[in-house]
Every structure is written in C-alpha cells, then in structure tokens.
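A.B. asks:
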Amino acid sequence: MSVRPLDQRIVAVKPIAVPAPGRGAGLQVKVTAPLSGRDLPVIVFSHGNAWSLDGYEPLVDRWAAAGFVVVQPTHPDSRRNGIGWDDPRFAGIWRVRIADLHAVLDRLGDILLQVDGLDGRVDRGRVAVVGHSWGAQTAGALLGARVLAADGVPGEDFSHPAVAAGALIAATGTGDTLTPFAVEHLPFMRPDYSTMAVPTLVVAGGKDRSRLSTRGPDWFTDAYHLAPSPKSLLAVAEGEHTMGGIAGEAVAETTDEDPARVALVADAISAYLLDALKVDGTAWTAFTATATDGTWSVSGK
Numbered sequence: 007m008s009v010r011p012l013d014q015r016i017v018a019v020k021p022i023a024v025p026a027p028g029r030g031a032g033l034q035v036k037v038t039a040p041l042s043g044r045d046l047p048v049i050v051f052s053h054g055n056a057w058s059l060d061g062y063e064p065l066v067d068r069w070a071a072a073g074f075v076v077v078q079p080t081h082p083d084s085r086r087n088g089i090g091w092d093d094p095r096f097a098g099i100w101r102v103r104i105a106d107l108h109a110v111l112d113r114l115g116d117i118l119l120q121v122d123g124l125d126g127r128v129d130r131g132r133v134a135v136v137g138h139s140w141g142a143q144t145a146g147a148l149l150g151a152r153v154l155a156a157d158g159v160p161g162e163d164f165s166h167p168a169v170a171a172g173a174l175i176a177a178t179g180t181g182d183t184l185t186p187f188a189v190e191h192l193p194f195m196r197p198d199y200s201t202m203a204v205p206t207l208v209v210a211g212g213k214d215r216s217r218l219s220t221r222g223p224d225w226f227t228d229a230y231h232l233a234p235s236p237k238s239l240l241a242v243a244e245g246e247h248t249m250g251g252i253a254g255e256a257v258a259e260t261t262d263e264d265p266a267r268v269a270l271v272a273d274a275i276s277a278y279l280l281d282a283l284k285v286d287g288t289a290w291t292a293f294t295a296t297a298t299d300g301t302w303s304v305s306g307k
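The working numbering puts the sequence shown at residues 7 to 307.
1) With 16 as the cutoff for other CB atoms within 10 Å, does residue 220 come out buried or exposed?
2) Just checking: is the beta-carbon of residue 170 within a distance shorter than 8 Å of some beta-carbon in chain D?
3) Starting from the C-beta of residue 20, find all residues in its chain whose C-beta is less than 7 Å away, skip the five residues before and the five after it, and write them out in chain order.
4) Which runs of the beta strand (DSSP E), 3 residues or longer, sit entirely within the region 79-150?
5) In whole angstroms, what is the alpha-carbon distance linking residue 141 and residue 229?
6) With respect to the alpha helix (DSSP H) encompassing residue 292, which residues constitute its N-terminal and C-terminal limits?
7) From what residue to what residue does the alpha helix (DSSP H) around residue 187 run?
8) Classify residue 119: buried if its beta carbon has 16 or more other beta carbons within 10 angstroms, exposed otherwise.
9) If you pair each beta-carbon of the region 201-209 with each one of the region 141-154, do three or more pairs fall below 8 Å?
10) Between which two residues does the alpha helix (DSSP H) carrying residue 276 extend?
11) Within the same chain, show all residues whose beta-carbon is closer than 7 Å to that of residue 257, passing over the 5 residues directly before and after it, in chain order.
12) Run through the DSSP bridge pairs and tell me what residue 49 is partnered with.
13) Does the Cβ of residue 156 have 16 or more other Cβ atoms within 10 Å, making it buried, or fewer, making it exposed?
14) Tell me which residue opens and which closes the beta strand (DSSP E) that residue 302 is part of.
15) Since residue 136 contacts residue 172 with CB under 8 Å, what's their CB separation in whole angstroms?
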C-alpha cells in the first residue's frame, strides 16, 4: 500500500501534569490534536514497556490528522525512570498503568483546558483507549478484561464507563504458555478476555514471536478469539511486534521497518474507531474494502 500524506495540520502540547495522588512520581501526558474541526473524538493511548509520551509519533500524528485528540501518558516503566525487571516496584506497575489511564479519563476536561482552544472542540462522549504490547493489556483492562490469579480466579474489574471502544496492538495472549522468564517477572500477564465486551479491534502480526510465550504469533490473537462480540481482527501477514515501526522511525526495537505497514495499522484503527464511536458509519467498511493484496486481512464477529 502507498502511504497517504498527512495534509491536516496538527499541534502537540507536552508535558501536561495530571494529579495522581499516591503515585509517587508525577503523571505527565502529551496531547496531540488537529488544529481545526469540532466534535473531535478522543484516543487515550498506553505505550509499550519502556516507552513514554514521546514515543509512537508515527501512529499518533496520523490519528490526529484523521480527526482525533490523542492523550499519551508516561507510565512508570518508562526507561527514563530506570525501573528494571528486578526492581521490587516492577511487580506493581501493571496496576499503576491502569490507574494512569483512569486518572487521564477522570481528569480529561482539565487536561483539554491546557491546550488553547481545544476543550470546546472535543466530544467527550466519544472516547476510546488504544495500547501496544504491555499497553494493550493495560488498555484491555479498561475495556473489561481482567487478570487471572495463580489459581485461575479473575481479578477485579478495572473497566471505565467513559470508554466506548478500543484497539489492542500486539496484545498479550493467555497466560498458560508463559516462558519461565515471564512467569517470574510478569505473573500478571494472565489476561481473561471473557469479560471484555466493549467493541474492540485486535491487531496481530503474522510474524510476531514473543520470548514471553512458548506459542507462536497466534498468541496475539487471543484477545479476539476469547472475547465476546463485537470484535474485529486485523491480521498483518508480515507484521512483527512493532508493526513496521509504530513506536518511532528507526528505533532499536523495530525488526520489520516498513512505513507503509505503520500507516496501515494507524489508518485501520482510525477507521475502526470512527465507526465504533459513531462518528463515520462508512469508515470501517470503506477501509476493509481495500484489503485486496493479501498482505492483511480483517475478520469480525
């Protein structure tokens, strides 16, 4: 596919401080938005492990150009905070991540006021959460997924009433095939998708192989197969974990650099959310009609 140029002017404001009592280090976010337009829907985005509000510009800029206001928090696992796998604080970060998204949603009005002229142009009744990798598990919790305890009992419900739709990129699969490393360091990586009822697009790469699971790329489709309807699956045949470089151009983690693949993922999520949030009822249908070259496919239920 060719990469459609960004012809919509956008603006980004950072850092914006968000009150988060009991968090320790302060919570900061970045807001990216189109310079024009009204009734703009909102995406709250959760980054993958070690990233920050400064990452994922290829995705975020494209979403803003498509008419979304995007809010990106920096979670405690950001490499700028220096909390490694063996740090005693690491075991509780998954909960802080979820609390970060709740804080953003609960204080969304105050956040929008920090960007001149934006608050009156936003439709706060149309809000979605999106995440990549660990961020996908974080976002999934707000969509209704839970974390299974070691005995298989589902944990607490972290869903948020403001969230009307979502998209999960390279989302963690079920925890019964975790590698010894993951069992030791990431015991919370045991999602239960049976309660994730909110409309969600799951994005999975056909060549995404994780060192955290003994399964292959199908591990990343569990969020689609195990969650109740309505769900859609975007399967990207050649996609690896960073889907062509969604975290940024030429970053070290990118193993399958492909700007067209990044644009595909960004545009798929835009189209899906425009439809799911009832902004544009034709967007998703029009997008899926372009799946003709065999490099990606869409399933739905």
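For each residue, glycine too, the CB sits at the ideal point set by N, CA and C.
C.D. replies: In this structure, then:
1) The residue in question, residue 220, is exposed, as its Cβ has fewer than 16 Cβ neighbours within 10 Å.
2) The structure shown contains no chain D; it holds only a single protein chain.
3) Correct list, in chain order: 36, 59.
4) Those beta strand (DSSP E) runs which fall completely within the region 79-150 and span 3+ residues are 128-138.
5) For residue 141 and residue 229, the distance between alpha carbons rounds to 13 Å.
6) Segment 289-294, the alpha helix (DSSP H) holding residue 292.
7) Counting along the chain, the alpha helix (DSSP H) containing residue 187 begins and ends at 186-191.
8) Its Cβ having fewer than 16 others within 10 Å, residue 119 is exposed.
9) Taking 8 Å as the limit for Cβ pairs, the verdict is that the region 141-154 does touch the region 201-209.
10) Per DSSP, the unbroken alpha helix (DSSP H) holding residue 276 starts and ends at 265-282.
11) Excluding positions up to five away in sequence, the list reads 251.
12) According to DSSP, which records beta bridges pairwise, residue 49 is partnered with 76, 134.
13) It is exposed - the Cβ of residue 156 has fewer than 16 other Cβ atoms within 10 Å.
14) Residues 302-306.
15) Under the criterion of beta carbons closer than 8 Å, residue 136 and residue 172 qualify as touching, at roughly 6 Å.
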